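Visitor: Here our numbering is used: the first residue of the sequence shown is 4, the next is one more, and so on.
Can you read through this structure? Questions will come right after.
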Amino acid sequence: MTDTAANPRTPPVPPRGTPGLLERVGARLPVSFSERRRYHWFWVPATAERRSKPLPEGFELVLAGEQDLPLLRQTGADFPRARAFLAAGHHLWLVRRGDDVAFSAWVFRGSAPTDMTSTGWMPLPDGVVNQEDSVTHPDHRGRGLLASASDGIRDHYVRTGLADTLITVIRDGNDASIRGAGKAGYAPFAVVDTVKTGLIRRTNWRDRAADLPGVVRIRLVFERPPVNGALPPEAEELGTWLEAAVRSPVRGPR
4 MTDTAANPRT
14 PPVPPRGTPG
24 LLERVGARLP
34 VSFSERRRYH
44 WFWVPATAER
54 RSKPLPEGFE
64 LVLAGEQDLP
74 LLRQTGADFP
84 RARAFLAAGH
94 HLWLVRRGDD
104 VAFSAWVFRG
114 SAPTDMTSTG
124 WMPLPDGVVN
134 QEDSVTHPDH
144 RGRGLLASAS
154 DGIRDHYVRT
164 GLADTLITVI
174 RDGNDASIRG
184 AGKAGYAPFA
194 VVDTVKTGLI
204 RRTNWRDRAA
214 DLPGVVRIRL
224 VFERPPVNGA
234 LPPEAEELGT
244 WLEAAVRSPV
254 RGPR
(Lines of atoms letter the chains of each structure in order from A and count residues from 1; the text may use other names and numbers.)
(Lines give C-alpha, C1' and ligand atoms only; values in the text may rest on other atoms or scores of the structure.)
Protein backbone atom coordinates (compact mmCIF):
# COMPACT_ATOMS: atom_id res chain seq x y z
CA MET A 1 0.00 0.00 0.00
CA THR A 2 1.22 3.52 -0.88
CA ASP A 3 0.39 6.51 1.30
CA THR A 4 -0.02 9.24 -1.35
CA ALA A 5 -0.43 11.89 1.36
CA ALA A 6 3.04 11.19 2.73
CA ASN A 7 4.75 13.07 -0.11
CA PRO A 8 2.17 15.33 -1.81
CA ARG A 9 4.81 16.80 -4.13
CA THR A 10 5.30 13.50 -5.94
CA PRO A 11 1.85 11.98 -6.51
CA PRO A 12 1.82 8.61 -8.24
CA VAL A 13 1.52 8.78 -12.02
CA PRO A 14 -0.48 6.01 -13.68
CA PRO A 15 1.42 4.05 -16.33
CA ARG A 16 0.98 5.21 -19.90
CA GLY A 17 -2.14 3.82 -21.51
CA THR A 18 -3.99 3.06 -18.27
CA PRO A 19 -7.74 3.76 -17.86
CA GLY A 20 -6.87 6.68 -15.58
CA LEU A 21 -5.10 8.46 -18.42
CA LEU A 22 -7.93 7.76 -20.83
CA GLU A 23 -10.46 9.13 -18.35
CA ARG A 24 -8.47 12.34 -17.89
CA VAL A 25 -8.12 12.85 -21.63
CA GLY A 26 -11.80 12.08 -22.19
CA ALA A 27 -12.85 14.54 -19.50
CA ARG A 28 -11.23 17.37 -21.50
CA LEU A 29 -13.12 16.66 -24.70
CA PRO A 30 -16.22 18.75 -25.53
CA VAL A 31 -18.18 15.54 -26.04
CA SER A 32 -18.51 12.22 -24.26
CA PHE A 33 -19.26 8.83 -25.80
CA SER A 34 -21.35 7.21 -23.10
CA GLU A 35 -23.44 8.69 -20.33
CA ARG A 36 -25.66 7.03 -17.74
CA ARG A 37 -27.84 9.01 -15.36
CA ARG A 38 -30.73 8.19 -13.09
CA TYR A 39 -33.47 10.73 -12.40
CA HIS A 40 -36.15 11.00 -9.72
CA TRP A 41 -39.28 12.87 -10.80
CA PHE A 42 -41.58 14.62 -8.31
CA TRP A 43 -44.89 16.45 -8.44
CA VAL A 44 -47.02 18.63 -6.17
CA PRO A 45 -50.70 19.39 -6.86
CA ALA A 46 -52.41 22.71 -6.31
CA THR A 47 -54.31 21.28 -3.35
CA ALA A 48 -51.18 20.16 -1.47
CA GLU A 49 -50.96 21.30 2.13
CA ARG A 50 -48.55 24.13 2.81
CA ARG A 51 -45.59 22.96 4.90
CA SER A 52 -43.37 26.00 4.84
CA LYS A 53 -42.34 28.69 7.27
CA PRO A 54 -42.70 32.40 6.49
CA LEU A 55 -39.82 33.96 4.58
CA PRO A 56 -37.10 35.62 6.69
CA GLU A 57 -37.94 39.15 7.79
CA GLY A 58 -37.46 41.68 5.03
CA PHE A 59 -37.28 39.11 2.21
CA GLU A 60 -39.92 38.66 -0.48
CA LEU A 61 -40.55 36.24 -3.33
CA VAL A 62 -40.62 38.09 -6.65
CA LEU A 63 -40.95 37.27 -10.33
CA ALA A 64 -37.71 38.63 -11.80
CA GLY A 65 -37.04 40.37 -15.10
CA GLU A 66 -34.09 40.83 -17.42
CA GLN A 67 -32.77 43.69 -15.29
CA ASP A 68 -32.43 41.26 -12.37
CA LEU A 69 -30.30 38.66 -14.17
CA PRO A 70 -26.96 39.97 -12.79
CA LEU A 71 -28.24 39.12 -9.29
CA LEU A 72 -27.98 35.42 -10.16
CA ARG A 73 -24.23 35.68 -9.61
CA GLN A 74 -24.96 35.70 -5.88
CA THR A 75 -26.33 32.15 -5.97
CA GLY A 76 -23.88 30.99 -8.64
CA ALA A 77 -26.77 30.43 -11.03
CA ASP A 78 -25.97 32.99 -13.74
CA PHE A 79 -25.45 31.81 -17.32
CA PRO A 80 -25.33 33.43 -20.79
CA ARG A 81 -28.61 31.97 -22.10
CA ALA A 82 -30.73 33.30 -19.24
CA ARG A 83 -32.04 36.17 -21.40
CA ALA A 84 -33.13 33.68 -24.05
CA PHE A 85 -34.98 31.69 -21.39
CA LEU A 86 -36.89 34.78 -20.28
CA ALA A 87 -37.62 35.79 -23.88
CA ALA A 88 -39.11 32.34 -24.50
CA GLY A 89 -41.66 32.92 -21.72
CA HIS A 90 -40.03 31.00 -18.89
CA HIS A 91 -39.99 32.52 -15.40
CA LEU A 92 -37.20 33.37 -12.97
CA TRP A 93 -38.07 33.62 -9.28
CA LEU A 94 -35.97 35.26 -6.58
CA VAL A 95 -36.23 35.50 -2.82
CA ARG A 96 -34.61 38.86 -2.21
CA ARG A 97 -34.22 41.78 0.15
CA GLY A 98 -33.28 44.68 -2.05
CA ASP A 99 -30.29 43.44 -4.03
CA ASP A 100 -29.53 40.67 -1.52
CA VAL A 101 -30.61 37.34 -3.07
CA ALA A 102 -31.20 34.35 -0.80
CA PHE A 103 -32.79 31.95 -3.31
CA SER A 104 -33.33 31.59 -7.06
CA ALA A 105 -35.29 29.16 -9.21
CA TRP A 106 -36.54 28.80 -12.77
CA VAL A 107 -40.06 27.73 -13.72
CA PHE A 108 -40.51 26.40 -17.25
CA ARG A 109 -43.78 26.67 -19.15
CA GLY A 110 -44.72 24.84 -22.34
CA SER A 111 -41.37 23.07 -22.53
CA ALA A 112 -38.56 22.19 -20.14
CA PRO A 113 -34.86 21.27 -20.26
CA THR A 114 -33.91 17.63 -19.78
CA ASP A 115 -30.95 15.31 -20.32
CA MET A 116 -33.40 12.61 -21.42
CA THR A 117 -33.76 13.75 -25.04
CA SER A 118 -31.33 14.40 -27.88
CA THR A 119 -32.51 18.03 -28.22
CA GLY A 120 -32.14 18.77 -24.50
CA TRP A 121 -35.81 19.82 -24.18
CA MET A 122 -39.21 18.17 -23.90
CA PRO A 123 -42.82 19.42 -24.11
CA LEU A 124 -44.89 20.08 -20.98
CA PRO A 125 -48.64 19.39 -20.79
CA ASP A 126 -51.24 22.08 -20.22
CA GLY A 127 -51.59 22.97 -16.57
CA VAL A 128 -48.12 21.73 -15.60
CA VAL A 129 -45.00 23.82 -14.97
CA ASN A 130 -41.51 22.60 -14.18
CA GLN A 131 -39.51 24.17 -11.31
CA GLU A 132 -35.76 23.69 -11.78
CA ASP A 133 -32.37 24.99 -10.66
CA SER A 134 -33.60 25.88 -7.19
CA VAL A 135 -30.52 27.33 -5.48
CA THR A 136 -30.22 28.68 -1.93
CA HIS A 137 -27.37 31.07 -1.13
CA PRO A 138 -24.92 29.42 1.32
CA ASP A 139 -25.57 32.14 3.92
CA HIS A 140 -29.27 31.24 4.01
CA ARG A 141 -29.23 27.44 3.96
CA GLY A 142 -31.05 25.53 6.67
CA ARG A 143 -33.86 28.09 6.90
CA GLY A 144 -36.45 26.25 4.79
CA LEU A 145 -36.28 28.65 1.85
CA LEU A 146 -36.90 25.92 -0.74
CA ALA A 147 -40.21 24.98 0.88
CA SER A 148 -41.25 28.59 1.48
CA ALA A 149 -40.41 29.67 -2.07
CA SER A 150 -41.99 26.58 -3.65
CA ASP A 151 -45.25 27.21 -1.79
CA GLY A 152 -45.27 30.83 -2.94
CA ILE A 153 -44.47 29.86 -6.52
CA ARG A 154 -47.24 27.27 -6.56
CA ASP A 155 -49.71 29.78 -5.13
CA HIS A 156 -48.89 32.21 -7.95
CA TYR A 157 -49.60 29.72 -10.75
CA VAL A 158 -52.78 28.45 -9.14
CA ARG A 159 -54.06 31.96 -8.41
CA THR A 160 -53.37 33.16 -11.95
CA GLY A 161 -54.76 29.99 -13.53
CA LEU A 162 -51.48 29.29 -15.34
CA ALA A 163 -51.00 25.84 -13.80
CA ASP A 164 -52.41 23.45 -11.24
CA THR A 165 -49.41 21.11 -10.93
CA LEU A 166 -45.69 21.65 -10.40
CA ILE A 167 -43.08 19.04 -11.24
CA THR A 168 -39.34 18.82 -10.67
CA VAL A 169 -36.55 16.34 -11.32
CA ILE A 170 -33.48 15.46 -9.23
CA ARG A 171 -30.50 13.35 -10.19
CA ASP A 172 -29.87 10.18 -8.23
CA GLY A 173 -27.41 10.65 -5.40
CA ASN A 174 -28.47 14.21 -4.56
CA ASP A 175 -29.98 13.12 -1.26
CA ALA A 176 -30.12 16.62 0.21
CA SER A 177 -32.26 17.90 -2.67
CA ILE A 178 -34.49 14.82 -2.53
CA ARG A 179 -35.12 15.44 1.17
CA GLY A 180 -35.70 19.12 0.44
CA ALA A 181 -38.27 18.27 -2.24
CA GLY A 182 -40.17 16.17 0.29
CA LYS A 183 -40.19 19.03 2.79
CA ALA A 184 -41.50 21.32 0.05
CA GLY A 185 -44.48 19.02 -0.51
CA TYR A 186 -43.24 17.19 -3.61
CA ALA A 187 -44.04 13.48 -3.99
CA PRO A 188 -42.38 11.00 -6.40
CA PHE A 189 -44.13 9.87 -9.57
CA ALA A 190 -41.36 8.26 -11.66
CA VAL A 191 -37.75 7.11 -11.72
CA VAL A 192 -35.96 7.03 -15.08
CA ASP A 193 -32.65 5.36 -15.90
CA THR A 194 -31.10 7.09 -18.93
CA VAL A 195 -28.24 5.73 -21.02
CA LYS A 196 -26.84 7.75 -23.94
CA THR A 197 -24.25 6.49 -26.42
CA GLY A 198 -22.72 8.44 -29.30
CA LEU A 199 -21.28 11.96 -29.48
CA ILE A 200 -22.88 13.66 -26.51
CA ARG A 201 -22.24 17.33 -25.83
CA ARG A 202 -20.80 18.05 -22.37
CA THR A 203 -23.22 20.65 -21.02
CA ASN A 204 -25.35 21.29 -17.99
CA TRP A 205 -29.00 22.17 -18.38
CA ARG A 206 -28.29 25.91 -18.29
CA ASP A 207 -26.28 25.60 -21.49
CA ARG A 208 -28.41 22.87 -22.98
CA ALA A 209 -27.74 22.25 -26.66
CA ALA A 210 -28.87 19.44 -28.89
CA ASP A 211 -26.57 16.45 -29.20
CA LEU A 212 -24.96 15.93 -32.58
CA PRO A 213 -27.69 14.72 -34.96
CA GLY A 214 -27.95 11.10 -35.94
CA VAL A 215 -25.21 9.77 -33.70
CA VAL A 216 -26.84 9.55 -30.28
CA ARG A 217 -28.76 6.53 -29.08
CA ILE A 218 -30.87 6.95 -25.95
CA ARG A 219 -32.19 4.07 -23.86
CA LEU A 220 -34.76 4.94 -21.20
CA VAL A 221 -35.97 2.60 -18.47
CA PHE A 222 -39.00 3.84 -16.52
CA GLU A 223 -39.51 2.55 -12.98
CA ARG A 224 -42.14 2.95 -10.32
CA PRO A 225 -40.95 5.28 -7.54
CA PRO A 226 -40.20 3.73 -4.14
CA VAL A 227 -43.48 4.56 -2.36
CA ASN A 228 -45.79 2.49 -0.21
CA GLY A 229 -49.17 1.67 -1.68
CA ALA A 230 -50.66 2.76 -4.97
CA LEU A 231 -49.75 6.00 -6.70
CA PRO A 232 -52.54 8.60 -6.95
CA PRO A 233 -54.23 8.64 -10.37
CA GLU A 234 -52.69 12.05 -11.10
CA ALA A 235 -49.20 10.65 -10.49
CA GLU A 236 -49.92 7.70 -12.77
CA GLU A 237 -51.03 10.13 -15.48
CA LEU A 238 -47.84 12.15 -15.08
CA GLY A 239 -45.77 8.99 -15.47
CA THR A 240 -47.62 8.16 -18.68
CA TRP A 241 -47.12 11.71 -19.95
CA LEU A 242 -43.39 11.62 -19.15
CA GLU A 243 -42.83 8.42 -21.15
CA ALA A 244 -44.45 10.05 -24.18
CA ALA A 245 -42.83 13.48 -23.72
CA VAL A 246 -39.22 12.30 -23.73
CA ARG A 247 -39.90 10.43 -26.97
CA SER A 248 -41.25 13.62 -28.56
CA PRO A 249 -38.42 16.13 -28.02
CA VAL A 250 -38.70 19.81 -28.88
CA ARG A 251 -36.16 22.59 -29.43
CA GLY A 252 -35.28 24.95 -26.61
CA PRO A 253 -34.50 28.69 -26.64
CA ARG A 254 -31.57 29.73 -28.82
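Note that CB positions come from ideal geometry on N, CA and C, so glycine has one too.
Here the structure is a predicted model, which is why all the values come from computation and not from measurement.
#1: Once the 5 residues before and after T117 are set aside, which same chain residues still bring their CB inside 6 angstroms of it?
#2: For T163, is the classification buried or exposed, using 16 other Cβ atoms within 10 angstroms of its Cβ as the cut-off for buried?
#3: Taking A3 and S107 to be in contact with their CB atoms under 8 angstroms, please state how far apart those CB atoms are, rounded to whole angstroms.
#4: Pick from G101, M119, Q70, D103: whose alpha carbon is nearest that of L95?
#5: Would you mind giving the Cβ-Cβ distance between I156 and V110, rounded to the nearest angstrom? I have them listed as a contact below 8 angstroms.
#6: Can you check which of these residues, G123, R84, G68, is closest to R257 by C-alpha distance?
#7: Using a Cβ distance threshold of 8 angstroms, determine whether the segment 219-227 contacts the segment 239-249, with at least three qualifying pairs required.
#8: Rounded to the nearest angstrom, what separates R174 and H43 at their Cα positions?
#9: Can you tell me which residues form a DSSP beta bridge with Q134?
#10: Since V230 is in the alpha helix (DSSP H), which residue starts that stretch and which ends it?
#11: With a CB to CB cut of under 8 angstroms and the five nearest residues on each side skipped, what residues in its chain are close to G147?
#12: Applying the criterion that 16 or more other CB atoms from any shown protein chain within 10 Å of the CB defines a buried residue, is F62 buried or exposed?
#13: What first and last residue would you give for the alpha helix (DSSP H) that runs through R86?
#14: In the DSSP assignment, find the unbroken alpha helix (DSSP H) run with V161 in it and report its ends.
#15: From the DSSP output, in three-state form, read off A179 for me.
#16: Can you check DSSP and say which residues form a bridge with V65?
#17: Secondary structure at R76, three-state DSSP: helix, strand or coil?
#18: Any idea what DSSP makes of P116, helix, strand or coil?
#19: Smallest Cα separation from G123: which of V47, H140, S114, G242?
#20: Looking at the structure shown, is E246 part of a helix, part of a strand, or coil, going by DSSP?
#21: Could you pull the DSSP bridge partners for A190 from this structure?
#22: In whole angstroms, what separates the C-alpha of V194 from that of F82?
#23: With distances taken from CA atoms, which of M119, D158, A67 is nearest E271?
#24: For L241, which residues of its own chain have a beta-carbon under 6 angstroms away from its beta-carbon, when the five flanking residues on both sides are left out?
#25: Can you tell me where the beta strand (DSSP E) with P126 in it begins and where it stops?
#26: Can you have a look at N133 and say buried or exposed, based on whether 16 or more other CB atoms are within 10 angstroms of its CB?
Guide: Here's the rundown:
#1: M125.
#2: Taking all protein chains shown into account, T163 has fewer than 16 neighbouring C-beta atoms within 10 Å of its C-beta and is therefore exposed.
#3: With the chain running from 4 to 257 in the structure shown, residue 3 is simply not present.
#4: Q70
#5: 6 angstroms
#6: Put simply, of G123, R84, G68 the residue whose alpha carbon is nearest the alpha carbon of R257 is R84.
#7: yes
#8: Distance between the alpha carbons of R174 and H43 is about 6 angstroms.
#9: V110
#10: Per DSSP, V230 belongs to no alpha helix (DSSP H) and is neither H nor E.
#11: S55, K56, K186
#12: buried
#13: Per DSSP, R86 belongs to the alpha helix (DSSP H) from 85-90.
#14: According to the DSSP assignment, V161 belongs to the alpha helix (DSSP H) that extends over 148-163.
#15: helix
#16: Answer is L97.
#17: helix
#18: strand
#19: S114
#20: helix
#21: Its beta-bridge partners are W46.
#22: 28 angstroms
#23: Coverage of the chain is limited to positions 4 through 257, which leaves residue 271 absent and any answer about it impossible.
#24: Correct list, in chain order: W46, F192.
#25: 124-126
#26: buried
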